[in-house]
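Below is one structure; the comments refer to it alone.
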Amino acid sequence: MLTKRIIPCLDVKDGRVVKGISFVQLRDAGDPVECARIYEEQGADELVYLDITASHEKRNIIIDIVKRTAAEVSMPLTVGGGIRTIDDIKELLHAGADKVSVNTAAVEDPEFVRKASEKFGSQCIVVAIDAKRREAQWDMADTSNMGETFTYYTPSHAALVPAWDVYTHGGRKNRGIDAVLWAKKVDEELGAGEILLTSMDKDGTKEGYDLDLTFSISQAVSIPVIASGGAGKLEHLYLAFIEGKADAVLAASIFHFGEFTVPQAKRFLQEKGINVR
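Residue numbers (our numbering): 12 to 288.
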């Protein structure tokens with residue numbers, strides 16, 4: 012049986028780690044390289060860097076931080092934010108990243124995912140999906156770039172059949188694409204190796220992961236799903252695995268501000284019967 016992974020996430024803005032609520036109200040959480048060093052000492056399975064405003068501001072990717080981190084730690088490192096070209100991916104991998112995470116570029120040009128997977132291998136191409144529960148209405152969504160259509164649901168249906176829209180540009184732009192259909196496409200047609208799934212509704216709230224969202228995506232795809240957004244206590248990690256059927260959990264606030272350590276999380280999950288490293 013594959014072990015479940017615990018992955019701290021470092022949201023980076025202007026070279027510093029930040030944490031907010033629903034992608035806003037950001038506060039400083041430290042130096043990214045120092046944070047990475049601490050997490051490796053604690054036994055984190057992987058680490059994710061997300062430059063949370065890179066796509067929106069059209070900034071260069073954080074190559075210097077990746078190089079410094081790769082020189083300090085040996086655990087696998089995934090980097091996302093502002094990745095728009097094959098050369099961007101090549102530069103990050105050469106700087107020391109093990110995987111790259113793409114969101115905006117993938118939605119705007121799905122073939123980019125296929126090309127990247129073919130060139131570098133699907134194991135290092137992660138598609139990030141920032142999803143938000145949909146405002147209910149009886150409209151047909153524009154998914155022309157996916158070659159599909161789907162129906163929005165009314166409030167009476169939404170409770171029975173929850174649905175989510177895909178957002179890009181750091182959560183600023185609703186693309187009108189159904190998150191479950193998009194996840195299936197990146198898995199079955201585009202060759203992504205993994206999905207990093209963030210609930211915008213739950214992000215930073217510490218109320219727990221969106222288990223409906225996590226389960227819906229996990230059941231729809233064959234590739235690993237990393238649950239992200241909302242972890243506030245160790246029980247939330249457990250529920251993401253048991254009810255959400257996630258393959259890994261991403262967490263930020265509960266680790267960054269000293270509420271829990273990675274070893275505490277792993278001990279808790281082991282005692283609950285979860286197979287962790």
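Ideal Cβ placement from N, Cα and C applies to all residues, glycine included.
Item	Value
Exposure of A4, with buried meaning 16 or more beta-carbon neighbours within 10 Å	Missing from the structure shown is residue 4; the chain here goes from 12 to 288 and no further.
Distance, G187 Cα to R16 Cα	31 angstroms
CB contact flag (S210, G241, <8 angstroms)	yes
6 angstroms Cβ shell around F279 - same chain, five flanking residues per side excluded	L245
Residue from E270, E83 and T179 whose Cα sits closest to the Cα of I10	Look at the range of the chain in this structure, 12 to 288, and you will see that residue 10 is not part of it.
Residue environment, T80, which counts as buried when at least 16 other CB atoms sit within 10 Å	buried
Of the listed residues L208, V23, F131 and D198, nearest to Y178 (C-alpha basis)	L208
Coil, strand or helix - S112 by DSSP	strand
Buried/exposed call for K69, threshold 16 Cβ in 10 Å	Unreliable placement is indicated for K69, whose pLDDT of 47 sits below 50; no coordinate value is reported for it.
Environment of H247 [buried if 16+ CB atoms lie within 10 Å]	buried
Distance CB(G255)-CB(I234) smaller than 8 angstroms	no
In DSSP terms, what E246 is bridged to	DSSP, once it has assigned bridges, lists no residue as partnering E246.
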